[in-house]
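Chemist: Numbers 1 to 390, taken from the numbering used here, label the letters of the sequence shown in order.
Idealized CB from N, CA, C, for every residue including glycine.
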Amino acid sequence: MINRPMFFLLAALAAFAPLAIDLYLPSLSAIGNELQAPAGRVQQTVTVFLAGFAMGMLFYGPLSDRFGRRRMIFAGTSVFVVASVACMLAQSIEQLLLFRLIQAFGGGAAAVISRAVIRDLFGETDSARVMAMIAMVTSIAPMIAPLLGAYILELGSWRYEFLSLALFGAACTVAAYLLLPETLSQTHSQTSISLAFRGYLTVCQHSDARLLIIAGGAHFAAMFAYITGTPFVYIEFFGLSEKTYAVLFGSNVLTLIGFGYASTRLVKRTGTTPLIKVGSALGLLGALVVLASAWHAGTTSGNLGLMVVGFLLCVGSLGFVAPNTTAQLLSKHPKNAGAASALYGCAQFGLGGLASWAVSVVHDDTALPMAAAVVGFAALACWASIRLKR
1 MINRPMFFLL AALAAFAPLA IDLYLPSLSA IGNELQAPAG RVQQTVTVFL
51 AGFAMGMLFY GPLSDRFGRR RMIFAGTSVF VVASVACMLA QSIEQLLLFR
101 LIQAFGGGAA AVISRAVIRD LFGETDSARV MAMIAMVTSI APMIAPLLGA
151 YILELGSWRY EFLSLALFGA ACTVAAYLLL PETLSQTHSQ TSISLAFRGY
201 LTVCQHSDAR LLIIAGGAHF AAMFAYITGT PFVYIEFFGL SEKTYAVLFG
251 SNVLTLIGFG YASTRLVKRT GTTPLIKVGS ALGLLGALVV LASAWHAGTT
301 SGNLGLMVVG FLLCVGSLGF VAPNTTAQLL SKHPKNAGAA SALYGCAQFG
351 LGGLASWAVS VVHDDTALPM AAAVVGFAAL ACWASIRLKR
């Protein structure tokens, strides 16, 4: 089993995206006010981050199959740190959008390579267990990040949140230098760059690989429709405070941790596929509950309670889907683990960006656009999981 310092380092690398997104969510209104930008425009800072993260994964994944995991980690996290400082200094919404894109491009290396490292070290079942355990630790980030962001905002500016991200990225870079060994075998490192990028074609030629990527990516996208939409729905539509929003946001993480823990206990008995199917079905059920709540336009506590319950189920069930789709996909393509991990991550953040964009563009001062996006992507994930052969 992996040693404890390296385990927490891999968890920190996997947490780049949730921290970079969730930490500043309570500050979206403050950013809009200071930079004189409308709500939909500010929400696009989430969208461009997801797009940049997906592009970063596609870039760094195959290169890590060629040049090694360590080099690409250092390159990506360095870009993340510099861009985070640039975000802190942004003077317009256009500048912030650009720097968020670059920040995400660098951060993509951390997430994609951390999964490839786990696959280098473990087989399918053990990879699923380790990824589920890392997901449980990483889930602390979205649970505490919005609340931490709300407290940082009270210090005087949303800019301090991006300074915090820069410091986090720098700490991870140093830790990776000290703790992360090169896990790519010497044989794989001899692969040419063109052959490394050709790994995308190799992975996509397998139907089960495509289904695994869709199942994991679409469920993740449903969660990002929630992430993009709830700051408005909870704070402005239902009239909750930023701190209450942060608490409700964090409650979803508790169910995510619970599902992740159950996955580590069950996967050796059931295998990965049954957990994927069950998790996708529960995700769709939760999404439909959210839609039922949003359909009633009133801001009553009953509607809010129903929506909270629906999201607990929809977001939490990702704890069954994410580690098991990832582990099964990478186990099928060990020679192209970086490329497979990149495709999976690109689907997550590419579809997540699409979901975020849809919620912001169709913004109509109700909860319906968010709910419709959640249902659509949860249904796509459920469809893909049903078609898995084993």
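1. Please give the ranges of any alpha helix (DSSP H) in the segment 31 to 101, keeping only runs that are unbroken, at least 4 residues long and fully inside the region.
2. Spatial neighbours of V290 within its chain, please: CB distance less than 7 Å, with the 5 preceding and 5 following residues excluded, ordered by chain position.
3. Out of L184, A51, I31, M143, state which residue places its alpha-carbon closest to the alpha-carbon of S114.
4. Which same chain residues, not among the five before or five after A141, have their C-beta less than 8 Å away from its C-beta?
5. Enumerated in chain order, which unbroken segments of the alpha helix (DSSP H) with a length of 4 residues or greater are wholly contained in the segment 255 to 323?
6. Measuring only the C-alpha atoms, how far is L211 from S385?
7. Can you give me the start and stop residues for the alpha helix (DSSP H) that W357 sits inside?
8. Whether or not the segment 251 to 267 and the segment 343 to 362 are in contact is what I'm after, with contact meaning three or more pairs of Cβ atoms, one per stretch, closer than 8 Å; do they touch?
9. Consult DSSP for H219 and reduce its assignment to one of helix, strand or coil.
10. Which residue comes first and which comes last in the alpha helix (DSSP H) that contains V233?
11. In three-state terms, what does DSSP make of N3?
12. For W158, which three-state DSSP category applies?
13. Determine the contact status of G345 and V112, defining contact as a CB-CB distance below 9 Å.
14. When DSSP labels each residue in this structure, what does F122 get in the three-state scheme?
15. Would you check if the segment 168 to 182 and the segment 64 to 76 touch, i.e. whether three or more CB-CB distances between them fall below 8 Å?
16. Buried or exposed for G305, going by 16 or more other Cβ atoms inside 10 Å?
17. Compute the distance between the beta-carbons of A132 and A381, then report whether it is under 9 Å.
18. Checking 9 Å against the spacing of the C-beta atoms, do L266 and E124 come in under that value?
19. Only counting the same chain, and skipping five residues up and downstream in sequence, which positions put a Cβ closer than 7 Å to that of A135?
20. Taking the alpha-carbon of A292 as reference, which of A367, A347, L248, T244 has the nearest alpha-carbon?
21. Do you know offhand how far S241's Cα is from I235's?
22. Pick from F99, R4, A116, S127: whose alpha carbon is nearest that of F80?
23. Answer with buried or exposed for T187, where buried requires no fewer than 16 other C-beta atoms within 10 angstroms of its C-beta.
24. Between which residues of its own chain and S360 is the CB-CB distance below 7 Å, once the five residues before and five after are set aside?
Modeler: A quick look at the data gives this:
1. 39 to 67, 69 to 88
2. M307, G310, F311, C314, A371, V374
3. Measuring from the Cα of S114, the nearest candidate turns out to be L184.
4. A15, P18, L19, D22
5. 272 to 295, 301 to 316
6. 7 Å
7. That run of the alpha helix (DSSP H) goes 337 to 361.
8. Output reads no: the segment 251 to 267 does not touch the segment 343 to 362.
9. helix
10. Element bounds for V233: n/a, residue is neither H nor E.
11. coil
12. coil
13. yes
14. coil
15. yes
16. exposed
17. no
18. no
19. G260, G319, A322, P323
20. Looking at the Cα atoms, A367 is the closest of the given residues.
21. 6 Å
22. F99
23. At T187, the pLDDT of 47 sits below 50, so the modelled position is not reliable and the matter cannot be decided from this model.
24. So the qualifying residues of the chain are G40, Q43, Q44, T47, T228.
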